[in-house]
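For what it's worth, the numbering used here labels the leading residue of the sequence shown as 3, then goes sequentially. We treat Cβ as the ideally placed atom computed from N, Cα and C, and that holds for glycine.
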Amino acid sequence: MEKNFDCGQAMAEAERCLLCHDAPCSKGCPALTNPGEFIRKLRLRNVAGAIRTVKENNILGGACGALCPTARLCEKECAATGIDRPIRIGKIQRFLVEHSWKIGFKPFAGGRFELPRPVKGKVAVIGAGPAGLACAAELAKNGCQVTVFEERAEPGGVLRYGVPGFRLSAEFLKKELEDIKALGVTFRCSQGIKGPDGAEKLLKKGFQAVFIGIGLWAPVRPPFGGKEGANVIASVRFLELYRGKPAQLRKLCGGKPVAVIGGGSVAVDCARTALRLGAEDVYLVYRRSFAQMPAEELERIEALNEGIHFLPLNQPTGYARDARGNLTGVKLVRTRLSGKDSSGRRKPSDVKGSDWVLDAGACIEAIGNKPEERSLSLGRLISADPGTGRTSKAGIFAGGDIVRGPATVVQAVADGKAAARAIMKQLAK
Ligand SMILES: Cc1cc2nc3c(=O)[nH]c(=O)nc-3n(C[C@H](O)[C@H](O)[C@H](O)COP(=O)(O)OP(=O)(O)OC[C@H]3O[C@@H](n4cnc5c(N)ncnc54)[C@H](O)[C@@H]3O)c2cc1C
Ligand code: SF4
């Protein structure tokens with residue numbers, strides 16, 4: 003994981019803050035982490051207070067500090083103040099959380115969240131990703147007895163089984179999870195809640211409310227179809243294996259040219275991971291232009307600097323295989339941008355006769371994730387009120403990617419917190 007600010011650097015960065023009266027940076031944070039307040043406290047050398055502000059507002063403050071696309075959130079608002087360059091808010095935030103671990107400072111011990119307290123209600127959370135974790139933490143801080151049911155062996159969701167370790171290490175995540183466990187949240191891992199009526203069954207078992215934050219774990223396949231397997235793998239499986247069984251992937255990518263299809267952050271993560279697995283060359287194939295790629299600019303630049311080859315304006319049309327069915331390449335056709343599509347972007351259209359084959363010994367499909375067919379939501383996004391996470395079923399709330407579609411960690415945290423507030427209101431009735 004990339005090295006972050008040390009204490010001196012964090013202080014120096016906080017010193018640059020203009021201390022705006024209305025703290026636009028705080029308004030730019032979906033999870034209300036309140037950078038205006040924690041930067042002000044850090045400037046006044048109140049480090050403990052600054053850590054408390056981060057962790058009280060955002061239990062995943064460390065992970066958000068490391069992963070948030072700050073250039074389009076808090077730091078965008080900071081840039082709009084006219085400051086010469088925006089304060090590196092994410093880096094300061096991550097420093098504060100890492101510093102709390104370094105000095106053994108427990109933001110919730112001996113403070114107003116001290117346990118045990120009278121139990122105000124019993125709530126189940128399905129899914130231990132950022133949305134579920136934020137919801138669980140918020141409820142536990144406010145005196146609820148919370149049980150988190152997680153299908154996989156460990157909590158963390160995409161933070162554990164998606165984002166590669168060179169961006170968020172297992173050790174970092176473990177410490178952030180310890181902060182949640184310290185609040186008294188119970189985790190039941192390897193206990194997926196099955197069936198479309200799984201949440202209702204938990205209500206019948208005595209939970210007074212249920213929050214669903216199960217994310218998106220089924221891959222979207224390219225329109226030309228073609229079989230997964232035989233050296234073609236979906237990003238979701240590729241990244242999950244990288245966290246658990248990297249040796250298998252070394253065999254898949256090692257010494258070969260590897261193609262990655264997609265232009266988002268997940269595609270860039272896969273490309274950088276393939277490089278670390280010993281791929282000879284990694285090609286990122288995207289049908290639109292470099293500037294239109296949904297991946298953050300910083301991620302694209304990091305990937306370029308690492309030696310990833312970008313192949314924008316190329317549309318995959320199929321796989322080339324040898325007689326034994328092994329992948330030998332990805333069939334492509336060049337594209338050019340023409341009139342605008344429904345998203346307002348110039349749309350790619352194929353250039354006739356420009357078909358070619360990119361040599362590839364392995365291909366990672368990273369064009370998106372969707373809800374799993376056999377999940378609680380039966381392959382569909384769940385519809386929930388954006389301000390409260392309330393669904394059409396009494397006592398059942400939902401948030402994060404399973405409601406929004408592919409989004410961000412900080413938005414999942416925001417949803418988890420909002421649903422927790424609505425659940426507490428319901429329990430108080
Ligand atoms: C590779 C990758 C990189 C990303 N990088 C970034 C980034 O840099 N910055 C950023 O802000 N966002 C990033 N994102 C997006 C971000 O990770 C997601 O928006 C966020 O994790 C969504 O949180 P969630 O809690 O809704 O779902 P998830 O993180 O998907 O968690 C859902 C959890 O529910 C569990 N679950 C599923 N079904 C069941 C069931 N039936 N019973 C019990 N448990 C179940 C899953 O195992 C999982 O643990 C990335 C996403 C990916 C895939
Ligand atoms: S949580 Fe993310 S968006 Fe919010 S202030 Fe922190 S770094 Fe910025």
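Under the three-state DSSP convention, the category residue i falls into
i	result
G210	Per the sequence shown, the amino acid found at residue 210 is Gln instead of Gly. In this structure, Q210 counts as coil in the three-state DSSP scheme.
E282	coil
V411	helix
E294	Per the sequence shown, the amino acid found at residue 294 is Gln instead of Glu. Correct three-state label for Q294: coil.
S356	strand
T390	coil
D417	helix
A261	strand
F7	coil
V165	coil
H311	strand
I91	helix
I425	helix
I398	strand
T55	helix
A65	helix
T83	coil
K431	coil
R114	Confidence is the limiting factor: at R114 the pLDDT is only 48, short of 50, which leaves the residue's position unreliable and the question unanswerable from this model.
Identified DSSP bridge partners for residue i
i	result
V127	V150, F213
R348	K342
G189	Going by the sequence as given, residue 189 is Phe instead of Gly. DSSP, once it has assigned bridges, lists V150 as partnering F189.
E299	In DSSP, E299 forms no bridge with anything.
Q317	V335
P221	N371
I235	I366
L329	R323
D361	G331
V287	I263, L313
Burial state of residue i, where buried means 16 or more other Cβ atoms lie within 10 Å
i	result
F312	buried
D181	buried
K207	exposed
S394	exposed
L69	buried
Q250	exposed
S28	buried
D86	exposed
H23	exposed
N328	exposed
R274	buried
W219	buried
R338	exposed
E375	exposed
P198	exposed
K435	Outside the displayed span of the chain (3 to 431) sits residue 435, for which this structure offers no information.
E4	exposed
I303	exposed
Candidates the options: closest to residue i by CA position
i	options	result
Q95	N36, V411, A126, A130	N36
S340	S291, N144, A297	S291
L205	K176, I369, A126, A232	A126
M426	T410, K176, A276, G123	G123
E509	L135, R74, G30, V405	Residue numbering for the chain in the displayed model covers 3 to 431; residue 509 lies beyond these limits and cannot be assessed.
A396	P408, K247, L429	L429
K176	R392, V287, I61	I61
A414	V148, A424, K431, G391	G391
A281	E178, G186, I366	I366
C80	I105, A16, I128	A16
G266	I195, A368, D324	A368
F226	M3, W103, Y321, T83	Y321
G331	V284, G309, R289, S385	V284
P388	D417, G129, E100, D403	D417
S356	P318, A133, L179, T83	P318
E140	L185, R154, P157	L185
K372	Y288, A142, P224	P224
L44	A33, D271, R18	R18
R323	A232, T149, G63, G38	A232
I404	S171, G159, P350, K431	G159
V412	P71, L306, R90, A138	P71
I263	V222, P248, E301	V222
V49	T149, L34, K108	K108
E153	A136, F174, C137, G131	G131
is_contact[residue i, chain D] using C-beta, thresh 8 Å
i	result
N144	The structure shown contains no chain D; it is built from a single protein chain.
Residue i beta carbon near ligand 3 (any heavy atom closer than 7 Å)
i	result
N60	In the structure on display, ligand 3 does not appear, and the ligands it does have are ligand 1 and ligand 2.
Determine, using beta-carbon pairs with one atom in the region 148 to 166 and one in the region 52 to 59, whether at least three such pairs fall under 8 Å. no
Counting pairs of beta carbons, one from the region 356 to 373 and one from the region 246 to 264, are three or more of them closer than 8 Å? yes
Quick one: any contact between the region 232 to 243 and the region 340 to 351, if contact means 3 or more CB pairs under 8 Å? no
At least three beta-carbon pairs within less than 8 Å, the region 207 to 225 to the region 366 to 382: yes
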